[in-house]
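Okay, so here's the structure we're looking at.
Chains as they are written, first to last, in the numbering used here: chain G, 2 to 1007; chain X, 52 to 161; chain H, -19 to 174.
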């Protein structure tokens, strides 16, 4: 039994569950209910890490989530987690943790040499030291900084755990389960409102867990237990333990991290989520997060064994640990006397209070003196000593100016020092919610002020009401009011039970306690930000250099940054700056608190959205057949489309060349199901299409199809496709795969917002229809084997649609072509897609059918000069730029985008225009995106005339082909230009028209 | 992430909606007659108001309908929304942008 | 499966290959091949409303998020001028023909979406816990009542969700997103599978 500092019979730990754990490789024991911090202290371990900048020995400073010091590396391998606060890690059997920021060991750290050169590490150190030359940043400075700094190590392997997310709604969300939060939950819960009460600790009670306060003449913890029992019996109340509300966003949307299994240690399988990330939408929010004790800023206040007074009290009362024998309590207020009294009662050999106040009058002062505790009044701690832990402090009488010492120093041996500089209400979430903060002069702290649009209410010590009586009464009042505002209850406030509060005396504010030498002289350091190793003299330096605004101060000194977000440091820093500027603290202002309140793991933010569930994979009904056929897939938006179908050991090039030739020689089949499809019905459908497309639609006959270009109001092409008239008042539109949602949105927007009187209705039918496109000279022969339709070109001509059956399934067959060859787009209800695909494939064997993918589709369409919107266009291209004047109706009065044709830049000569390019070397394939220039210079910049938009080797043309947007290109056919490449090669190109294959267009009929 | 009030479906998560920019900008008629300046204003010029702003939204994942809404661009509080073709339900002159109409006039907004 | 209407033709759903989830407190199954139809029109037009009621056996619901049911036909309010009709598996062909005939001249659009979507039924005491892993809608029994229905989101997917009764929800999803949604549900259910 090595827990030398464990108190017999005290604390809320479960002695029937002993646990073993290791720290820095050494084995220790603790109990269920311990935190890593309390267990380490029970075992006499005070030195737990090294500080960020100076690598000074550091210990445990707090007992809560505000801990800036005791950051440890928890776990090993793929589960290791850096920067966990030892004060928040619940002990489990087999836990292993190690110190951070030290090498080779926490006791002998080579970088602690930094302390000797502390003068080299002033505020703004990074800015000043690593300034010149700029070219050194990446290769030199960054390496130095990365090696020297950093807090802990990230895991290098995959996280083996699972994480969950949960959307929740409630009428009243209460953050914090101390006396105020519990009272609020009772008042709100009793109205029948849906209540969520979230607390970051393993059990509710907040400060009462460390206290011996009484409610209604009984121990307050009995009231806590009764309240919890009542709440848990209410159907619509949810109590969340180990749940930190981390973010407060617009419209009362709050996020919270619930640690589901962390306290049990790593789990064997990942079915139970390690953590659950709550996304809570609350009608009203009660913030009852309590208060965080403020440290005193005194010389060498960072040695292990020096902690906040409230933390020491928590270790004694809640965890049954008295981590020292000789205890000095240094304070400016009465609350720390409770710590001194409890330490004395717990059996400390010697307890001394050093009180900054000359004449403290509170009842607790007298109680301490009555208990035999020595009290030094008007004294300050001006130095501490001890290599790896504090072993003594020196005290001296403080002058009236708060800046000088007016007596000799006296040494007080001690192995634990506790200190208190008053309390800061926890206002982080209030501030995140855009609430304002007011300075409370009497209590010397920021308290919630103007609430802002989301109207949170604050109760208890988080609201600056520190007495238990006020915590309870504000809790009941805010809970009842919040429920009423959410539509529940009458707003009646339950009566506040009796409490045993003690009247406290006034504080003496000494924002920087003087040391033996003037600030900044000598070796002593007055830390106000322990995590970032920022000292009071850094604030003075920042002020001297002009960084007096709070936002500048923060960035220049790094005060308040890091994983603790300045929970213990911010107000001290502001107060010190206020003193320097001779200004009031609220004039210096506060920085804006931002989420998260405490760190949130990436796993929890990700939740289930990982691996296959990270992004949806949209597949067509024929996907299984593509997998069986060995397709290689291409991502088109979210869709997985077959890119090419390699046979044997074919490379992509070989497969695509084969597919390209085979389609034009026999027949190929493409899965075109992903094309956007929109059903359009209504009397005014044709008129509507006249507005949307550049060409005329009212003269299209039922059963016939037409190609159309859509423009935005800037006159630029944004989608294209073939639309078929099914009946007078019924059209079937197709869009590009990627443009489907955008086009439907475009149609709906115009129809609903500009022309609501038009009788036209749109329905997306993309997935209703599976589409097998067969194309090539033998496609008619193939289809004829499986269809009831008469395929005679006289009765079923190009750009027509007929309904019938294909392979027994009902089908709409469209004779349209994106290859220039005879083609049929066979649309069947999606349920039959796989069946029809397989039937066509089977029947296609004797016609030498080949499956082809999107790459071959691209080559074949480029051979014909057919554009792909988004590849050959980029949002700055008009139909005229594409050489498609033929599709722009001159007969219509107006259509979308038309007016912009007359704008000066759109109408000007010499715009970039789509042309064909033929390389001098017929086997050379230009890279897409390459620039086309007139005059080649030895190196850029060169005046560019445009760029290559599409480029392939075409086996059917027997050479490479390319499309390009080139300035004034339509007037430059036959000209030779140059394409200079990254490799240094300069390829000569000749401008041609855009059709490279079957210029006469005779193949469309097979 | 804020809430948006669909005139039909009520207050819903913003993620269900798409934003459509400033409201009440009609497409000019007789586009051949208007100047380049007028056409350019229609395409490009927006008020970028600080404060009370009438704007368009569409309930993409819900009912799919476009509507207009009045929002305070500083606080993001939506005063109310209204159907296309209806007049904007203007908030009181001294509206502070802190409460929606449903909060201030529970009987009106429902 | 072989289609009864088109002998020799096989038909699939996007979830044909999935195994239903059946665990304590949670059941996830597909309702394959339900007939699904979009109907557009003006509810204020008596001719339209009466004709629709005659075919469907029930009046078109006009309150947002509401629905009406008659036998195997369920009619959901989708928007003020749009309804979604579900009918028994393969019942859509006849129903569409009947609607088109009855609504000639008064209806605006009738579209077959039977294969555009499929429906996943999620039921059991854990159904709300599963659905709220990805759906931000308030599904509390006081706030989302039997027969209510609406379009909303589930992470990257858009869904249409209705409470059938008690703990039984039907979730309609586009064919191409069905695989994603199903896998999300199945992954989410692992928490309770042990």
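Just so you know, even glycine gets a beta-carbon here, dropped at the ideal spot from N, CA and C.
Since the model is a prediction, treat every value here as computed from it, not as a measurement.
Indicate the three-state DSSP secondary structure (helix, strand or coil) for residue i in the structure shown.
| i | result |
| --- | --- |
| residue 161(X) | Residue placement at residue 161(X) cannot be trusted, given a pLDDT of 39 that sits under 50; the coordinates are not used to answer. |
| residue 661(G) | helix |
| residue 756(G) | coil |
| residue 444(G) | coil |
| residue 155(H) | helix |
| residue 79(G) | helix |
| residue 267(G) | coil |
| residue 158(G) | coil |
| residue 712(G) | strand |
| residue 144(X) | coil |
| residue 150(G) | Residue placement at residue 150(G) cannot be trusted, given a pLDDT of 49 that sits under 50; the coordinates are not used to answer. |
| residue 76(H) | helix |
| residue 836(G) | helix |
| residue 572(G) | helix |
| residue 698(G) | coil |
| residue 415(G) | coil |
Could you round the C-beta distance between residue i and residue j to whole angstroms and report it? I think they count as a contact, below 8 Å.
| i | j | result |
| --- | --- | --- |
| residue 454(G) | residue 477(G) | Not a contact, Cβ separation roughly 25 Å. |
| residue 821(G) | residue 669(G) | That belief does not hold up - the Cβ atoms of residue 821(G) and residue 669(G) are roughly 13 Å apart, past 8 Å. |
| residue 819(G) | residue 867(G) | 6 Å |
| residue 49(G) | residue 61(G) | 6 Å |
Have a look at the options and flag the residue whose alpha-carbon is nearest the alpha-carbon of residue i.
| i | options | result |
| --- | --- | --- |
| residue 321(G) | 679(G), 844(G) and 39(G) | 39(G) |
| residue 377(G) | 404(G), 414(G) and 332(G) | 332(G) |
| residue 709(G) | 817(G), 675(G) and 364(G) | 817(G) |
| residue 450(G) | 471(G), 612(G), 700(G) and 428(G) | 428(G) |
| residue 55(G) | 87(G), 83(G), 303(G) and 298(G) | 303(G) |
| residue 890(G) | 942(G), 773(G) and 712(G) | 712(G) |
| residue 849(G) | 953(G), 461(G) and 841(G) | 841(G) |
| residue 380(G) | 299(G), 50(G), 768(G) and 611(G) | 299(G) |
| residue 565(G) | 41(G), 930(G) and 247(G) | 247(G) |
| residue 788(G) | 814(G), 286(G), 766(G) and 503(G) | 814(G) |
| residue 121(H) | 195(G), 176(G), 189(G) and 336(G) | 195(G) |
| residue 61(H) | 49(H), 86(H), 7(H) and 78(H) | 86(H) |
| residue 288(G) | 856(G), 558(G) and 480(G) | 480(G) |
| residue 42(H) | 9(H), 151(H) and 129(H) | 129(H) |
| residue 570(G) | 786(G), 610(G), 443(G) and 540(G) | 540(G) |
Run through the DSSP bridge pairs and tell me what residue i is partnered with.
| i | result |
| --- | --- |
| residue 326(G) | None, per the DSSP bridge assignment. |
| residue 1(G) | Nothing in the structure corresponds to residue 1(G), since chain G is present only between 2 and 1007. |
| residue 294(G) | 424(G) |
| residue -10(H) | -18(H) |
| residue 130(X) | Its beta-bridge partners do not exist; DSSP assigns none. |
| residue 53(H) | 50(H) |
| residue 370(G) | According to DSSP, residue 370(G) bridges with nothing at all. |
| residue 29(G) | 22(G) |
| residue 386(G) | 393(G) |
| residue 280(G) | 168(G) and 256(G) |
Consider the C-beta atom of residue i and the heavy atoms of the ligand NAP; say whether any pair is separated by less than 6 Å.
| i | result |
| --- | --- |
| residue 753(G) | No copy of the ligand NAP occurs in the structure displayed, which carries no ligand at all. |
Checklist line | Sufficient close CB pairs (3 or more, under 8 Å) joining the stretch 149 to 156 of chain X to the stretch 82 to 97 of chain X | finding: no
Next item on the list: Tell me, please, whether the stretch 850 to 862 of chain G touches the stretch 894 to 905 of chain G by the rule of three or more beta-carbon pairs shorter than 8 Å.
Entry: no
Checklist line | contact_flag[the stretch 922 to 932 of chain G, the stretch 949 to 966 of chain G] where n(CB pairs < 8 Å) is 3 or more | finding: yes
Checklist line | Three or more C-beta pairs below 8 Å linking the stretch 205 to 217 of chain G and the stretch 153 to 164 of chain G | finding: no
Check: Can we say the stretch 306 to 314 of chain G touches the stretch 518 to 526 of chain G, given the rule of at least three CB pairs closer than 8 Å?
Finding: no
Item checked: Touching by the beta-carbon criterion (3+ pairs, under 8 Å), the stretch 262 to 269 of chain G and the stretch 350 to 368 of chain G -> no
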